[in-house]
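Q:
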Amino acid sequence: MEMEPDLKRIAPLLLLLAGCATIPAAQAKPSPLPGCAEALVYSSAHNGVALLVLEDGKIRCRSADTSTPQELWSGTKSLVGLMAAAAVQDGLLTLDERAADTLTEWRDDPQRAAITIRQLLTMTGGQASTVGRPLGYLDSARAPLTAAPGAKFQYGPAPMQIIGEIMRRKLTVAGLDPNPRTYIEHRILTPIGVKIGSWRNGPDGAPLMPQGLVLAADEWARIGEFVRSGGTLNGTPLIDPATLVELFRGSDANPAYGLTWWLPRASAAGDPVTRSTDIVEHADKLPADLVVAAGAGDQRLYVIPSRRLTIVRQAKLDIAALAAGKASGWSDAHFLSFFLSPTSQ
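Here our numbering = 1-based position in the sequence shown + 1164.
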């Protein structure tokens, strides 16, 4: 049985909350956390361009410039998970429904017919791992599968683009603007006060779901604070609370990757992307509730509710080094140790 969209019911609430921010616009003289100076040096030594640390929503460490928008690259993906949680609350979808319920062209293919929205969000839908510019929504949905649904973690842009197409169709049926970006802005970003720098479109003219969002550190931190608050604004849930929890559960194929968010969990997944962050290797030394949005060039949004911390780190992407497969030398565990050591508590 399909659930009826509930956007009209909550629209007045969203308008009331629109423009409210969870982070002070400015703090003249922030009191730095222990480890701040060392973290700034470490980040700068690895092409860092912005660093911002909030404790209980207050700025406790920052670089000189946190207001210039920067490309998030795959950090964009984690916003797709939040979009899904909003869509669950609005009755547009459920995590375990079959994608073929919406992508009717998948129904005659036994493998595609079995793929769930959860599997797309966990990169276990069977789509191949690829790099480079993503295909459009429909071309991504037509791409061949290289694994059985649920069997293998394969990090790439196709699953997020397919989610974009699913959302486009669901929004159309609900009589709403079919643009997923418009939905994300209306349901999440505008209410929590986030100002987008820009958002690139794919070859089909639709907004890219796996990359393309450009945000300043100040703005990305608002998203982190939203997650740290449990998806609420001034105590009011903007997204489905139970689904938010699900975003931070890994799959059997890769416990270190939830529904678009990275997690400090031991994992046997040997793909290069999972091994590019050492939170997997040092999972036992990191807070269990740490969640990470990550993008190429070591773009990071770390949220640690138990430590009351939201940390944004942005850097200049060295495309030549990335193409050559050269390791950046960045260590998430080492960077976080500046703020997680006993002296920083």
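Ideal Cβ positions, reconstructed from N, Cα and C, are used throughout, including at glycine.
Just to confirm, are ALA1447 and ALA1433 a CB contact at a threshold of 8 Å?
A: The count along the sequence shown starts at 1 and reaches residue 1447 at position 283. The count along the sequence shown starts at 1 and reaches residue 1433 at position 269. Not closer than 8 Å, so no.
Q: For THR1288, does the three-state DSSP call read helix, strand or coil?
A: Along the sequence shown, one-based indexing puts residue 1288 at 124. Coil at THR1288, not helix or strand.
Q: Under 6 Å Cβ to Cβ from PRO1374, same chain only, skipping five residues before and after it: list those, please.
A: Within the sequence shown, numbered from 1, the residue matching residue 1374 stands at position 210. LYS1241, PRO1298, PRO1321, MET1324.
Q: Where does PRO1323 sit, in a helix, a strand or coil, going by DSSP?
A: Working through the sequence shown from its first residue, we reach residue 1323 at position 159. Looking at PRO1323 - three-state DSSP - the assignment turns out to be helix.
Q: To the nearest angstrom, report how far apart LEU1243 and ALA1278 are at their CA atoms.
A: Locating residue 1243 in the sequence shown gives position 79, counting from the first residue. Locating residue 1278 in the sequence shown gives position 114, counting from the first residue. Spanning the two alpha carbons is a distance of roughly 25 Å.
Q: Quick one: grab the DSSP three-state call for THR1294.
A: In the sequence shown, residue 1294 corresponds to position 130, counting from 1. Note: THR1294 maps to coil in three-state DSSP.
Q: Work out the CA separation of GLY1414 and PHE1317 for me, nearest whole Å.
A: As a working mapping, residue 1317 is identified with position 153 in the sequence shown. As a working mapping, residue 1414 is identified with position 250 in the sequence shown. In a straight line, the C-alpha of PHE1317 is about 11 Å away from that of GLY1414.
Q: So the beta strand (DSSP E) THR1474 belongs to, where does it begin and stop?
A: Position 310 of the sequence shown, counted from the start, is the residue given in the question as residue 1474. Unbroken beta strand (DSSP E) run through THR1474: 1473 to 1479.
Q: Ignoring anything shorter than 4 residues or poking outside the stretch 1234 to 1280, list the alpha helix (DSSP H) runs there in chain order.
A: Whole alpha helix (DSSP H) segments, 4+ residues: 1241 to 1253, 1274 to 1278.
Q: State the Cα-Cα distance for the pair THR1474 and TRP1494, rounded to the nearest angstrom.
A: Taking the sequence shown and counting its residues from 1, the one referred to as residue 1474 is at position 310. Taking the sequence shown and counting its residues from 1, the one referred to as residue 1494 is at position 330. Their backbone Cα atoms lie some 19 Å apart in a straight line.
Q: Does the pairing of the stretch 1226 to 1240 with the stretch 1366 to 1382 give three or more beta-carbon distances under 8 Å?
A: Segments in contact, yes.
Q: Of all the alpha helix (DSSP H) runs that stay within the bounds of the stretch 1394 to 1429, which reach a length of 4 or more residues?
A: Qualifying alpha helix (DSSP H) stretches, in chain order: 1405 to 1411.
Q: Can you name, in chain order, every residue of its own chain whose Cβ lies under 6 Å from the Cβ of PRO1457, other than the five neighbours on each side?
A: Working through the sequence shown from its first residue, we reach residue 1457 at position 293. The amino acid occupying residue 1457 in the given sequence is Ala; Pro does not appear at that position. Excluding residues within five positions, the ones whose Cβ falls inside 6 Å are GLY1239, SER1242, LEU1465.
Q: Going by DSSP in three states, PRO1344 sits in which element: helix, strand or coil?
A: As a working mapping, residue 1344 is identified with position 180 in the sequence shown. Three-state DSSP puts PRO1344 in a helix.
Q: Residues in the same chain with beta-carbon distance under 8 Å from THR1336, minus the five sequence neighbours each way, listed in chain order, please.
A: By one-based count along the sequence shown, residue 1336 stands at place 172. So the list reads PRO1342, once near-sequence residues are dropped.
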